[in-house]
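Counting along the sequence shown from 1, when you hit position 272 you're at 749 in my numbering, and nothing is skipped either side. Note that CB positions come from ideal geometry on N, CA and C, so glycine has one too. Nothing here was measured: the structure is a model prediction, and the numbers come from that model.
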Amino acid sequence: MTTYKIAKMPGDGIGPEIVAEGVKVIEKVAELKGFNVDWVNYDNGADKYLETGELITEDTLKEIKDTCKAIYLGALGDPRCKPGILEKGILLKTRFYFDQYVNLRPIKLLEGVDCPLKGKGPKDIDFTVIRENTEDFYVGIGGRANAGKSKGHLEVIRDMWKVKFDLDIENTDEIAYQIGVMSKNGADRVIKYGYDLAKKQNVETAYFVDKANVLSDIYSFWRERVVEIGKQYPGITPEYMFVDAITMWFVKNPEWFKVVTTPNMFGDIITDLGAMIQGGLGLAPGGNINPKGVSMFEPIHGSAPKYKGMNRANPLATIWAGAMMLDEVGQGPAHDLIVNAIQGVIMDGKVKTKDLGGNNTCSDMGDAVAKKVEELGGI
């Protein structure tokens with residue numbers, strides 16, 4: 478029997494509660510599909526940071542890389558910590574360490590879920606956003622300079638490239654600056670991932686997002702790479718959309734889209750819009766993918782610290798993220814069974830968390846999905 482060792486990182490706020498329900502469902506589907514999951518718990522998050530000053534160490538990351546197939550993450554963020562400390566020191570560091578260059582976001586409206594878009598239903602909202610996950614304006618370099626003359630040195634080192642900026646600053650007011658970096662190899666591999674998914678889904682038009690009309694250097698480069706990589710896919714037509722335009726069309730005509738590929742920052746923005754049109758953050762899973770390495774799966778919502786320990790969060794996004802994790806490690810039928818079980822629980826309408834208009838608890842929802850997995854798995 479195949480056993481998958483999975484790093485479990487519940488994190489902060491509601492993270493431990495929602496991950497517990499995801500584990501419950503994964504273990505049920507593993508029992509039915511004939512494989513095992515060996516969970517390895519990592520307590521990296523706000524409590525550990527506040528107690529020890531440790532975010533996530535190179536030793537921890539190496540241990541995960543050497544022993545685990547994937548990472549199952551709850552949520553990160555705590556008001557006791559300076560904004561960005563946990564996100565940069567754990568989440569982004571983990572993405573960069575494992576080179577998880579694809580952020581994969583299914584935007585799928587399930588039957589029985591209310592959609593805020595008038596006249597739109599499940600047949601209209603069913604697409605995937607592929608977000609570049611390690612470059613662009615999220616490389617984490619920038620700074621501030623006081624009025625007058627100053628110098629600065631910035632550098633970013635990746636496995637694929639190293640960049641350094643020596644700054645000679647002369648200004649009449651205090652300024653802040655942020656620098657984005659996009660490499661040819663970094664752009665090419667995520668663009669290729671988008672084309673490959675379009676090909677796999679027999680899609681004739683693949684959409685690519687940029688803002689080349691204003692941020693012309695970095696995003697014209699992105700568009701050039703889309704054109705070049707597209708030569709390898711003669712059956713697929715690339716359609717270019719500015720980020721402000723695609724947000725409009727997500728609302729007006731979501732049925733246009735099947736595969737959307739985007740640079741990092743714009744993908745962060747439009748996937749939250751995608752979450753809303755599929756019924757809310759409680760139904761929005763995500764995967765940070767390295768197709769040849771360790772990938773990490775999580776709900777795209779935050780840690781909601783004010784609800785910590787109240788057993789009221791909706792765990793469906795986390796359960797769905799767990800399904801994506803199983804698909805990535807090679808258990809496609811298990812993925813399908815979990816998603817069908819989520820759909821079945823929603824259609825039954827007997828168990829609803831507060832965000833879905835009900836009064837059931839987080840653990841009620843996990844129990845319901847696990848039970849539905851068992852029902853459907855026996856068919």
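Query, Result
"Extent of the continuous beta strand (DSSP E) run through Tyr-526", "Where Tyr-526 is concerned, there is no enclosing beta strand (DSSP E), although the alpha helix (DSSP H) it sits in stretches over 523 to 529."
"Cβ-based burial, Ser-693 [other Cβ within 10 Å; buried from 16]", "exposed"
"Short Cβ contact (8 Å threshold) for Thr-611 with Gly-671", "no"
"Cutoff 6 Å; reference Lys-501; Cβ partners in own chain excluding five residues on either side", "Gly-843, Ala-847"
"Given 8 Å, three or more beta-carbon pairs between the segment 805 to 816 and the segment 777 to 790", "no"
"Assigned secondary structure, Phe-734 (DSSP; H/G/I helix, E/B strand, else coil)", "coil"
"Through-space distance from Val-850 to Gln-655, alpha-carbon basis", "47 Å"
"Proximity of Lys-542 and Phe-512 at Cβ, strictly below 8 Å", "no"
"When Asn-765, Leu-760, Pro-810 are compared against Asn-791, the one with the closest alpha-carbon", "Leu-760"
"Sub-8 Å separation of Lys-546 and Lys-597 beta-carbons", "no"
"Enclosing beta strand (DSSP E) for Gln-820 [first to last residue]", "Careful: Gln-820 lies outside any beta strand (DSSP E), inside the alpha helix (DSSP H) at 809 to 825."
"Secondary structure of Phe-727, DSSP reduced to three states", "helix"
"Of the residues Glu-732, Val-590, Trp-516, Asn-690, the one placed nearest Asp-721, counting alpha carbons only", "Asn-690"
"Phe-604 - DSSP class collapsed to helix/strand/coil", "strand"
"Assigned exposure category for Ala-653 - 16 Cβ within 10 Å defines buried", "exposed"
"Tyr-519 vs Ala-497 beta-carbon contact at 8 Å", "no"
"Tyr-549 vs Gly-770 beta-carbon contact at 8 Å", "no"
"Range of the contiguous beta strand (DSSP E) that encloses Asp-543", "First-last for Asp-543: 535 to 544, but that is the alpha helix (DSSP H), not the beta strand (DSSP E)."
"Opposing strand residues paired with Asp-515 [DSSP bridges]", "Lys-482"
"At least 3 beta-carbon pairs within less than 8 Å: the segment 576 to 587 vs the segment 551 to 559", "no"
"Option in Asn-767, Val-633, Leu-758 with minimal Cα separation from Thr-795", "Leu-758"
"When Ala-622, Lys-505, Phe-734, Leu-594 are compared against Asn-679, the one with the closest alpha-carbon", "Phe-734"
"Identity of the residues DSSP links to Ala-552 by a beta bridge", "Gly-488"
"Burial state of Lys-641, where buried means 16 or more other Cβ atoms lie within 10 Å", "exposed"
"Through-space distance from Leu-509 to Val-703, alpha-carbon basis", "42 Å"
"Which listed residue (Thr-714, Asp-804, Ile-695, Asp-745) has its alpha carbon closest to that of Lys-676", "Thr-714"
"Where Arg-608 falls, given that 16 or more other Cβ within 10 Å makes a residue buried", "buried"
"The segment 740 to 757 in contact with the segment 516 to 531 per 3-pair CB rule at 8 Å", "no"
"Nearest-angstrom Cα separation, counted from Thr-739 out to Met-860", "The question about residue 860 has no answer, for the chain in this structure spans 478 to 856."
"CB of Glu-805 within 8 Å of CB of Ser-840, strictly", "no"
"Tyr-696 in three-state terms, based on DSSP", "helix"
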